[in-house]
Structures are given as C-alpha cells and as structure tokens.
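J.: Here the sequence shown stands for residues 1329 to 1541, where the numbers follow the numbering used here.
Even glycine gets a Cβ: it sits at the ideal position worked out from N, Cα and C.
All of these numbers come straight from a predicted model, not from anything done at the bench.
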Amino acid sequence: MTTPIRRSTKRLGLNLIALGLGACASTPQPSIPAAADSAQTIGLASAIRRSLHQGDDDLLTAGLGLPGLRQPLPPALALDGDPASTASALRRRAFYANWRGIADLASGHGLGPWSAALPPVPGVEFQAFARLPGRQQTQRVLAQIPDAYDQQQRCLVVAAASGSRGVYGAIAVAGPWALARGCAVVHTDKGAGTGVFDRSRGEGVALDGRRAT
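#1: Using a 10 Å radius around the Cβ and a threshold of 16 neighbouring Cβ atoms, would you call T1541 buried or exposed?
#2: Whose C-alpha, out of A1508, Q1465 and V1452, is nearest the C-alpha of R1378?
#3: Check the C-beta distance from P1403 over to R1420 and give it rounded, since I have them as a contact under 8 Å.
#4: Taking DSSP's pairing of strands, which residues face D1514 in a bridge?
#5: Give me the DSSP bridge partner(s) of S1379.
#6: What three-state label does DSSP hand L1372 in the structure shown?
#7: For V1524, count the other beta carbons within 10 Å of its own beta carbon; 16 or more makes it buried, fewer makes it exposed. Which is it?
#8: Quick check on the DSSP output: the alpha helix (DSSP H) that includes S1416 runs from which residue to which?
#9: In whole angstroms, what separates the C-alpha of L1387 from that of V1533?
#10: Under 8 Å by Cβ, that's how I've got P1474 and V1449 pegged, so tell me the actual separation to the nearest angstrom.
#11: Which same chain residues end up closer than 7 Å to F1423 when comparing Cβ atoms and leaving out the 5 residues on each side of it in sequence?
#12: What is the rounded straight-line gap between the Cα of Q1481 and the Cα of G1510?
#13: L1418 and R1538: beta carbons closer than 8 Å?
#14: Decide if R1459 is buried, meaning its Cβ has at least 16 other Cβ atoms within 10 Å, or exposed.
#15: Please return the same chain residues whose Cβ sits closer than 6 Å to the Cβ of A1508, not counting the five positions on each side in sequence.
#16: Rounding to the nearest angstrom, what Cα-Cα distance links L1372 and P1504 in this structure?
#17: When you compare only the Cα positions, how much space is there between R1398 and V1485?
#18: With DSSP as the reference, label V1533 as helix, strand or coil.
#19: Spatial neighbours of T1369 within its chain, please: CB distance less than 6 Å, with the 5 preceding and 5 following residues excluded, ordered by chain position.
#20: Indicate the three-state DSSP secondary structure (helix, strand or coil) for A1540 in the structure shown.
#21: What is the DSSP secondary structure of S1528, reduced to helix, strand or coil?
#22: Please name the residue in T1414, D1385 and V1513 whose C-alpha comes closest to that of C1483.
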C-alpha cells in the first residue's frame, strides 16, 4: 500500500532529481534557488543545496569505506574553521553513525555481496527542506544521483529514515543495492530527524549540517 506521505516524498524526490539533472548541465553552484512558483508547486521550503562527491568523499560511505566504518571511533571533526571542511566532516560522521546503527559491520553477514568491500560511488547530492500540503513542519529531502545514473533507463529508490534518525538514516539499507547499480536514491527524515531548533537562540541546523540562525 502506498501512503500519501510516501507518494508526496516520491514526487518531491523526482522533482529534485529533475532539477538536479538540469543543474548538472549548467554552471555548478553550491545552492540553487528555486523560483517561487516552482518551489510552491513541488513543496520546497528552501533553496536546493548541491554538493559534489568524488574521490575520497563518495555517496555510499562518504569516503570511509568498510575499514573506516569499522573503526571504533568516529571520524575527527574539522578544526580549521573552514565551513566546507566542517560540513564535509559532519557529513562523514553522519554516515559513520547511521551505517553503524543499522548494519552488522563486524561480521559482514548483514552486507551480503558487499561483506568484503563497499564500492566507492561518485556522484552529486541535492537536498532541500520540503513541506507537505497543509503541514507546518518541514522535512529534509535528499536526492543522491550517482555518476553512473542512466537517464535513458532511469531507476529510483525512495528510502525513509527509521525512527528519529537524520536524513542519512537509511543509507545502509538503500545505498549498497541502489547506488552501486547506478540508481538514484531519495531520502527523507520524515520531519523527525536530528535537526533540533533552539527557539531561545533562533538557531537550527542548516542543510550542510552546521548550526545556523
């Protein structure tokens, strides 16, 4: 059975992918403003953030690979104060936490054909805050488009984070199968993620994971 929320998330994801693929053909930008009428039509409540992930910072493990995910301590945070370095480090820690919270990494039994290694998957991410019709609470929606994505034989997997996990909460469930096959993956935190808003300071969590007012 397909619920209204799942249909809305899928529709948002498809629009994010469409906007993302169009942006890939233009000059790369870290943030893509959506026209007011387009944003309202597809339910977006923010500009679309674009981030490129290549080399040692991929879509599947944020460059950690299976050895990095099995480390007992999480990746270190960036200490240079650079916003891009901080955002990258926060993303890597989010991957570390969500992989370890879902998958059996110690034995590899839960990884099936990927028990020996997780392949790096280069690509691009597009994310935005979205709002369902008639709702005030926003949700975070993330579209991962691997470089191997075939627009002629399109494949899309939609995954919602379980419980109160963040937007990468289902990466260990959907990522290995879908991204390794060149499928796009759309994630949502269902509006129940880890982006706590501090009303006393007017401060929340931005799309890049950093605190913002």
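T.: According to the structure data:
#1: With fewer than 16 neighbouring CB atoms inside 10 Å of its own CB, T1541 falls in the exposed class.
#2: The closest CA to that of R1378, considering only A1508, Q1465 and V1452, is found on V1452.
#3: Right, their Cβ atoms sit about 5 Å apart.
#4: A small fix is needed here, since residue 1514 is Val in this sequence, not Asp. Paired residue(s): A1471 and V1486.
#5: Bridge partners of S1379: E1453.
#6: Correct three-state label for L1372: strand.
#7: With fewer than 16 other beta carbons inside 10 angstroms of its own, V1524 counts as exposed.
#8: Run containing S1416: P1411 to I1430, per the alpha helix (DSSP H) assignment.
#9: Near 21 Å, if we compare the C-alpha coordinates of V1533 and L1387.
#10: Confirmed, about 5 Å.
#11: Around F1423: T1389, A1390, L1392, Y1496 and I1499.
#12: The alpha-carbon atoms of Q1481 and G1510 are separated by roughly 10 Å.
#13: Result yes, Cβ atoms of L1418 and R1538 sit closer than 8 Å.
#14: By the neighbour-count rule (16 or more Cβ atoms within 10 Å), R1459 is buried.
#15: Around A1508: P1447.
#16: Distance between the alpha carbons of L1372 and P1504 is about 28 Å.
#17: R1398 and V1485 have their C-alpha atoms spaced approximately 26 Å apart.
#18: V1533: strand per DSSP, three-state reduction.
#19: With a pLDDT of only 46 at T1369, under 50, the local geometry of the prediction cannot be trusted, and the value read off the model is given with reservation. Hits under 6 Å: none found.
#20: A1540 falls in the strand class under three-state DSSP.
#21: Here S1528 sits in coil by DSSP.
#22: Ranking the options by Cα distance to C1483, first place goes to V1513.
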